[in-house]
Amino acid sequence: MNSQVIGLFSQHQEAISDQLQTTAASELPAKTLGGQTISSISQELVAGLALQFQGKPGALTELVARLSGQVVLAGDSVDNLRLLLDRMLEATIAVLQPLATVTPEQFLQEIRELYEPVDLAKSELIRVALKTQQEIIRKQSRALLELSTPVIPLFDNILVVPLIGSIDSLRAKQVMDNLLAGIVEHKAEIVLIDISGVPVVDTQIAHHIMKTVQAARLLGARCILVGIRPEFAQTIVKLGIDFNDIVTKSSLQAGFELALTWDNYKLLKIDEE
Amino acid sequence: MEVPILLIDGFWVTSIQEALHDRSVLDFKQRLLTKLNQPQTRGLVIDLTALDIVDSFVTKALIELCKLADLMGAGVVVTGMNPAVAITLVEMGLDLRGIETALDLQRGLDKLRKLSEER
Chain G
20 MNSQVIGLFS
30 QHQEAISDQL
40 QTTAASELPA
50 KTLGGQTISS
60 ISQELVAGLA
70 LQFQGKPGAL
80 TELVARLSGQ
90 VVLAGDSVDN
100 LRLLLDRMLE
110 ATIAVLQPLA
120 TVTPEQFLQE
130 IRELYEPVDL
140 AKSELIRVAL
150 KTQQEIIRKQ
160 SRALLELSTP
170 VIPLFDNILV
180 VPLIGSIDSL
190 RAKQVMDNLL
200 AGIVEHKAEI
210 VLIDISGVPV
220 VDTQIAHHIM
230 KTVQAARLLG
240 ARCILVGIRP
250 EFAQTIVKLG
260 IDFNDIVTKS
270 SLQAGFELAL
280 TWDNYKLLKI
290 DEE
Chain U
10 MEVPILLIDG
20 FWVTSIQEAL
30 HDRSVLDFKQ
40 RLLTKLNQPQ
50 TRGLVIDLTA
60 LDIVDSFVTK
70 ALIELCKLAD
80 LMGAGVVVTG
90 MNPAVAITLV
100 EMGLDLRGIE
110 TALDLQRGLD
120 KLRKLSEER
């Protein structure tokens, strides 16, 4: 029971697609969207809408879901894709109105049938875009966690763990896990924890550091806390945190020198005569 | 199965393989004390390499063993602790400062040798 408008739509797909491409070219500054040219997307969209009425309901939704993911992954705005969907309906009206033989009221009634799949596709577009974005965020935060807690073997039995950026309990746990795994892997006896890259220190962070040091000690490794800035020292004293069990040094160099003496090494400067 | 307690160069070496139960702990403690009482005793190594997880009971037993050995005049080193075990012990908030540790058996023995020379 296809109405006249739908029939016309199927017949004049190419004209509509051309019309859409012209509008899109004038409105959108970019030539491509999600790595695909806008004209090819336009063609696909029109074809997808036509398929809706040829016994494949959901064709447009599927197509838009795929395009939406593609666009988000490429870092483009999905707004442009939504705009294309809107412009497709406008192009349809512009092309079909002069051809339709039904009354204007009847034409409006029939054209509404085209709106429904487009609306569905639009909500799918938003849903997929959001989902893809969330996935990207999750992946990035995981990568960030991995990147931000390195464990570096520096010398025979000596590891360095630079802490950079603010530390929350999730990162603190990551640091502890990485550090302990590093101790086991590298058979380290001394760990230098460099906190010069941590902007602010509160009781929570101090507590995490203490726990990490204790856990490392249980594995038989001694920790030296280095990179203590004056503000850090002031905070620790002001908060009344007991750091007596932890060996601290102001700089990485001082810590490394101490670690070498613990490790029975001696630094010698060779005189050039 | 009985936990083996082996003697090497005057150091007793014992490896805890699985979670200890009330009775096995009592029995183990008794056997350990008898061994430590022997005149050739220089120290004790408790190896936890095979232990993946601990509960509060095993932890308490471990601390007690260390204190007992210390009282008997033998130095104690706990070796081969798993990261997960270390985290558990720290999360329990126990005071483990008195316990000497080492990464593996070899280093534990080296440490114990040094300790017994100092004593």
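Just so you know, the protein sequences line up as chains G and U, in that order. Here the first sequence stands for residues 20 to 292, numbered as in our numbering. Here the second sequence stands for residues 10 to 128, numbered as in our numbering. Ideal Cβ positions, reconstructed from N, Cα and C, are used throughout, including at glycine. None of the values given here were measured: they were computed from a predicted structure.
If the five residues before and after G:SER22 are omitted, its C-beta is found closer than 6 Å to the C-beta atoms of GLU129, all from its own chain and listed in chain order. Pairing G:VAL170 with G:LEU149 gives a Cβ-Cβ distance that is not under 8 Å.
Within the stretch 189-265 of chain G, the beta strand (DSSP E) runs of at least 3 residues that lie entirely inside it are, in chain order, 209-216, 241-245. Judged by beta-carbon spacing, G:LYS268 lies beyond the 8 Å limit of G:VAL232, meaning their Cβ atoms are not closer than that value. Taking the Cβ atoms as the reference, U:VAL54 lies roughly 5 Å from U:VAL22, within the contact range of under 8 Å.
Within chain G, the C-beta atoms nearer than 7 Å to that of U:ALA95 come from LEU199, ALA234, LEU237, LEU238, in chain order. Separation of G:GLY67 and G:ALA78 (C-alpha to C-alpha, rounded to the nearest whole angstrom) is 6 Å. At a cut-off of 8 Å between beta carbons, U:LEU98 contacts chain G. As the crow flies, the alpha-carbon of G:LEU258 is around 12 Å from that of G:GLU250.
No Cβ-Cβ contact shorter than 8 Å links G:PHE28 with G:THR120. Take the alpha-carbon of G:GLY274 and the one of G:VAL97: they are about 52 Å apart. G:ASP138 and G:LEU102 have their alpha carbons spaced roughly 12 Å apart.
Setting aside the 5 residues that flank it on each side, G:ILE224 is surrounded in the same chain by ILE186, each with a C-beta closer than 6 Å to its C-beta; the list follows chain order. Here DSSP, grouped into helix, strand and coil, assigns U:PRO48 to coil.
Contact check for G:THR151 and G:LEU237: beta-carbon distance about 43 Å, past the 8 Å limit, so the pair fails to qualify.
Counting the other CB atoms within 10 Å of its CB gives U:MET90 a total of 16 or more, which places it among the buried residues. At a cut-off of 8 Å between beta-carbon atoms, G:VAL203 makes contact with chain U.
What U:ARG40 touches in chain G, judged by beta-carbon distance under 7 Å, is nothing: the nearest beta carbon there is about 25 Å away.
Within the stretch 99-127 of chain U, the residues whose Cβ lies closer than 7 Å to any Cβ of chain G are, in chain order, VAL99, LEU105, ARG106, THR110, ALA111, LEU112, ARG116. Below 8 Å, too few C-beta pairs join the stretch 72-89 of chain G and the stretch 41-49 of chain G to call them touching: fewer than three. Chain G places a beta carbon closer than 8 Å to that of U:THR88, counting this residue as a contact. Beta bridge pairing from DSSP links G:VAL180 with G:ILE212. For U:THR68, the secondary structure class from DSSP, reduced to helix, strand or coil, is helix. In the three-state DSSP reduction, G:VAL65 falls in the helix class (H, G or I). Comparing C-alpha distances from G:LEU178 to each of G:LYS141, G:LYS75, G:HIS205 shows the shortest one belongs to G:HIS205.
DSSP, reduced to helix, strand and coil, places U:GLU11 outside both helices and strands of the structure shown, so it counts as coil. At the C-beta level, U:LEU112 and G:GLY239 come within 8 Å of one another.
Cβ contact annotation for U:ARG51 (same chain, cutoff 6 Å, sequence separation greater than five): GLY19, PHE20, SER125, in chain order.
For the stretch 264-284 of chain G, the set of positions with a beta-carbon nearer than 7 Å to some beta-carbon of chain U reads ASP264 in chain order. Leaving aside the five residues that flank G:LEU144 on each side, the residues in its chain whose CB is nearer than 7 Å to its CB run, in chain order, VAL83, SER87, VAL97, LEU100, ARG101.
G:LEU164 is not a Cβ neighbour of G:MET107, given a cutoff of 8 Å. For the C-beta of G:LYS230, the chain U residues within less than 7 Å are, from N- to C-terminus, VAL99.
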